[in-house]
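Engineer: Residue numbers for the sequence shown follow my numbering, so the first one is 978 and each next one is one higher. For every residue, glycine included, the Cβ atom is placed at its ideal position computed from N, Cα and C.
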Amino acid sequence: MAAVAVLAAAIFIATEPLRSRPAAIPQVFVSMAGFEPRELTVPAGREFQVQFINPDTRFHTDGGGWHQFRIDGAGVDVRIPPSTQPVVTLPPLAAGTYEFYCDVCCGGKENPAMRGVLEVKA
978 MAAVAVLAAA IFIATEPLRS RPAAIPQVFV SMAGFEPREL TVPAGREFQV QFINPDTRFH
1038 TDGGGWHQFR IDGAGVDVRI PPSTQPVVTL PPLAAGTYEF YCDVCCGGKE NPAMRGVLEV
1098 KA
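1. Quick one: measure Cβ to Cβ for ALA1090 and ALA1021, integer angstroms, because I've assumed they're closer than 8 Å.
2. How would you write the range of the beta strand (DSSP E) that VAL1019 sits in, first residue to last?
3. What distance in whole Å lies between the Cβ atoms of PHE1029 and PRO1063, which are believed to be in contact at a cut-off of 8 Å?
4. Can you tell which of ILE1048, VAL1019 and HIS1044 has the C-alpha that lies nearest to the C-alpha of ALA1001?
5. Taking GLY1073 as the reference, which of PRO1059, VAL1097, ARG1023 and CYS1079 has the closest Cα?
6. Is the CB-CB distance between ARG1056 and HIS1044 below 9 Å?
7. Would DSSP call GLY1073 helix, strand or coil?
8. Can you give the Cα-Cα distance for LEU1095 and LEU1070, rounded to whole angstroms?
9. Pop quiz: PHE1046 and VAL1081 are said to be a contact at Cβ under 8 Å. What is the actual Cβ separation, rounded to whole angstroms?
10. Could you compute how far the alpha carbon of ARG1092 sits from the alpha carbon of ARG1023?
11. Quick one: Cα of PRO1059 to Cα of LEU1067, how far?
12. Taking the alpha carbon of ILE1048 as the point to measure from, which residue in GLU1016, GLU1087, ASN1088 and CYS1079 has its own alpha carbon closest?
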């Protein structure tokens, strides 16, 4: 019986880091080619993080290499400098579907590649 208790304790200790490990931070590439991926899913009602990867340089002729991640009406307007990979904490959002876009360069939000969808799930 003591062996069973020791085994159960060992399994609990071994799996504890898996339960308490934070979820992976989604990465979004944003370049003059657009957003990749163009669809994200996050949990409703709590802050979430996204790592933006902008490979464009300041020599990019349209917008100087800057990009944007904006969601109208949600208080989200992130500017991503050229040649950076910032991790950004975004505010809690209610469940629903939100459109995000970049309106800084590359045809702005009228360009389908510069738009995407954020699914916020309850």
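Structural biologist: Let me spell this out:
1. Not quite, the Cβ-Cβ distance comes to about 27 Å (not below 8 Å), so this is no contact.
2. 1016 to 1020
3. With 8 Å as the limit, PRO1063 and PHE1029 qualify as a contact, their Cβ atoms being about 6 Å apart.
4. VAL1019
5. VAL1097
6. HIS1044 is positioned such that its CB atom lies closer than 9 Å to that of ARG1056.
7. strand
8. 10 Å
9. Not confirmed; about 10 Å, so no contact.
10. 23 Å
11. 20 Å
12. Closest by alpha carbon: CYS1079.
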